[in-house]
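S.K.: I have a structure here, written as structure tokens, and I will follow up with some questions on it.
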Amino acid sequence: MIVRIAQYPLKKRLLYGIASTAGVLLAQQVLTSIAHGRLTFLLISASLPLITVLFGAWSGALLLMIGVAYGALWMQPIGSLAIHEQPDRIVLLAFLVVGGLLVAAGQQLAKVARRAGRAEAATRDAADRLLQVERDARHRFDVALNSAGVPFFIVTPVVHERHIAELRWDYLNEAAAQLFNPAAGVVIGSSTAYVRPPGWDTDLLLGRLAPLAERDGRDAFDVRVQGEDGEQWFHVVAASLEGSVVAWFGNITPRVRAEQALSEADRRKDEFLATLAHELRNPLAPIRQVAEILEQPGLTDQRTKWCITVLRRQSAAMALLLDDLLDVSRITRGALTLRKETVALRAQFYPQV
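Its first residue numbered 39, the sequence shown is counted upward by one per residue in this note's numbering.
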């Protein structure tokens, strides 16, 4: 208030000072009348520093001069400015000296108050600027995280008896809020113990994040999400930050599905090779037997022809199996394209039976 009054124009402060002086004199008159001429300078002396601080040294000096005249009027002879008694003169002089000191003290207090007010205003302005800088930085932070389209969130631990009791959702960008499903009620300030995004393996997610709140470090892991559109996978990267945990994640569903498809293809290829190896043993057994027969002496022509027929038939079967193996190799290398079409099974199988 002192700083605001000090900013008033000089004329306005003088008017306020005169009005305040009149009010003090009126109150002093009432008090002196009640005290039967005693306590002549009480309110005036008490008001001198306050009037000086609020309205300046001129107002304080004016009240002091009027106070001297007022005190003289109450001294013998009452109603006259003439002072005949030596004690009265000493009292009046003492009031003048003390009043002057009070005015000087009030002036110094006013200077201190103005300096303190200016310092407070400067501090307030600096705090406002820092707050605005923080708002601008937060706005840029939000714009950057939202425009990137990468889901990002911050959780902060709630510690109870030196242990993490729960985690609290402290920040979610737009991508994370949409991914967590707004209908789930995941809002800033809510506890992860009660508000969890549906479909997420939340125990795994929060179980990996909680240790980072107690130590500095990073962690990366994959999380499975069972949503309305089927199963999805996300790669989560988390790090500790000033007692909180920040995490951002990306959708790796295409990569996981490609890996699963590749694994399934490898499994089927292994099954095919195992079946092929088993099928190759079937023609090899008669071939070995024919080889043993051909080693026997005294074979007839009919027996020899039979052995040749068996060898041709079994070698043809082996050739078909090897052709199938080559076809699998071509499919694996992308050199052969499978074309799906409708065929008549009767025409395909009856000639082979």
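No residue lacks a Cβ here, since even glycine has one placed at the ideal position from N, Cα and C.
Note that the structure is predicted; figures quoted are calculated from it, not measured.
For residue 194, which residues from the same chain have a beta carbon less than 6 Å from its beta carbon, with the 5 sequence-adjacent residues on both sides left out?
M.R.: 206, 208 and 282.
S.K.: Let me confirm a value: residue 61 is counted as buried when at least 16 other C-beta atoms fall within 10 Å, else exposed. Which label applies?
M.R.: Exposed, since its Cβ has fewer than 16 Cβ neighbours within 10 Å.
S.K.: Give me whichever residues DSSP pairs with residue 146 in a beta bridge.
M.R.: According to DSSP, residue 146 bridges with nothing at all.
S.K.: Sorted by chain position, which residues of the same chain lie with C-beta nearer than 8 Å to residue 138's C-beta, five sequence neighbours on each side aside?
M.R.: Only 102 meet the Cβ criterion.
S.K.: If you measure between the beta carbons of residue 141 and residue 99, is that distance less than 8 Å?
M.R.: It is a contact, given that the beta carbons lie within the stated cut-off.
S.K.: Take the Cβ of residue 292 as the centre, count every other Cβ of all protein chains shown within 10 Å, and call the residue buried at 16 or more, exposed below.
M.R.: So residue 292 counts as exposed.
S.K.: Report the rounded CA-to-CA distance for residue 105 versus residue 152, giving the unit in angstroms.
M.R.: Rounded to whole angstroms, residue 105 to residue 152 spans 27 Å at the Cα level.
S.K.: Tell me the rounded alpha-carbon separation between residue 321 and residue 364.
M.R.: Each residue's Cα considered, the two are about 18 Å apart.
S.K.: Can you round the beta-carbon distance between residue 239 and residue 246 to whole angstroms, since I take them to be within the 8 Å contact cut?
M.R.: The pair is not a contact, with the Cβ atoms about 10 Å apart (cut-off 8 Å).
S.K.: Decide if residue 346 is buried, meaning its Cβ has at least 16 other Cβ atoms within 10 Å, or exposed.
M.R.: Label assigned to residue 346: exposed.
S.K.: Buried or exposed for residue 90, going by 16 or more other Cβ atoms inside 10 Å?
M.R.: Label assigned to residue 90: buried.
S.K.: Anyone know if the C-beta pair for residue 392 and residue 275 falls short of 8 Å?
M.R.: Nothing about residue 392 can be read from this structure; the chain reaches only from 39 to 391.
S.K.: Measure the C-alpha to C-alpha separation of residue 131 and residue 84 and round it to an integer number of angstroms.
M.R.: Their Cα atoms are separated by approximately 17 Å.
S.K.: Buried or exposed: which applies to residue 82, given that a residue is buried once 16 or more other Cβ atoms fall within 10 Å of its Cβ?
M.R.: Flag for residue 82 reads buried.
S.K.: Under 8 Å, do residue 310 and residue 366 count as touching if we go by C-beta distance?
M.R.: For residue 310 and residue 366, yes; Cβs fall inside 8 Å.
S.K.: Residue 187: which of 289, 341 and 171 sits nearest, CA to CA?
M.R.: Ranking the options by Cα distance to residue 187, first place goes to 289.
S.K.: What residues match up with residue 248 in a beta bridge as DSSP calls it?
M.R.: Residue 248 pairs with nothing; no bridge assigned.
S.K.: Check whether the Cβ atoms of residue 244 and residue 278 lie closer than 8 Å to each other.
M.R.: Their beta carbons are not under 8 Å apart, which means residue 244 does not touch residue 278 by this criterion.
S.K.: Excluding five sequence neighbours on each side, which residues of the same chain lie with their C-beta closer than 6 Å to the C-beta of residue 254?
M.R.: Once the five neighbours on either side are set aside, the close Cβ partners of residue 254 are 278.
S.K.: Only counting runs of 4 or more residues, tell me where the alpha helix (DSSP H) segments fall wholly within the region 275 to 342, in order along the chain.
M.R.: Listed in chain order, the complete alpha helix (DSSP H) runs (minimum 4 residues) inside the region 275 to 342 are 291 to 332.
S.K.: Is residue 315 buried or exposed, if buried means 16 or more other CB atoms sit within 10 Å of its CB?
M.R.: Label assigned to residue 315: exposed.
S.K.: In terms of residue numbering, what span does the alpha helix (DSSP H) encompassing residue 214 cover?
M.R.: Run containing residue 214: 212 to 217, per the alpha helix (DSSP H) assignment.
S.K.: Between which two residues does the beta strand (DSSP E) carrying residue 188 extend?
M.R.: Residue 188 -> no beta strand (DSSP E), and no H or E assigned at all.
S.K.: Can you list, in chain order, the residues of its chain with a C-beta nearer than 6 Å to that of residue 148? Leave out the 5 residues immediately preceding and following it.
M.R.: For residue 148, where only same-chain residues beyond five positions count, the Cβ hits under 6 Å are 91.
S.K.: Could you give the distance in angstroms between the alpha-carbon of residue 196 and the alpha-carbon of residue 284?
M.R.: For residue 196 and residue 284, the distance between alpha carbons rounds to 15 Å.
S.K.: Distance check for residue 157 and residue 248, CA to CA, integer angstroms please.
M.R.: Taking the straight line joining both Cα atoms gives about 44 Å.
S.K.: Exposed or buried, what is residue 381 when buried is set at 16 or more other beta-carbons lying within 10 Å of its beta-carbon?
M.R.: The residue in question, residue 381, is exposed, as its Cβ has fewer than 16 Cβ neighbours within 10 Å.
S.K.: From residue 358 to residue 335, what distance separates their C-alpha atoms?
M.R.: The alpha-carbon atoms of residue 358 and residue 335 are separated by roughly 33 Å.
S.K.: Can you look up residue 382 in the DSSP assignment and give me helix, strand or coil?
M.R.: Residue 382 falls in the coil class under three-state DSSP.
S.K.: First and last residue of the beta strand (DSSP E) that includes residue 262?
M.R.: Its beta strand (DSSP E) spans residues 256 to 265.
S.K.: When burial is assigned at 16 or more other CB atoms within 10 Å of the CB, is residue 265 buried or exposed?
M.R.: When all chains shown are included, residue 265 counts as exposed.
S.K.: In terms of DSSP beta bridges, what is residue 273 paired with?
M.R.: Looking at the DSSP assignment, residue 273 forms a beta bridge with 260 and 288.
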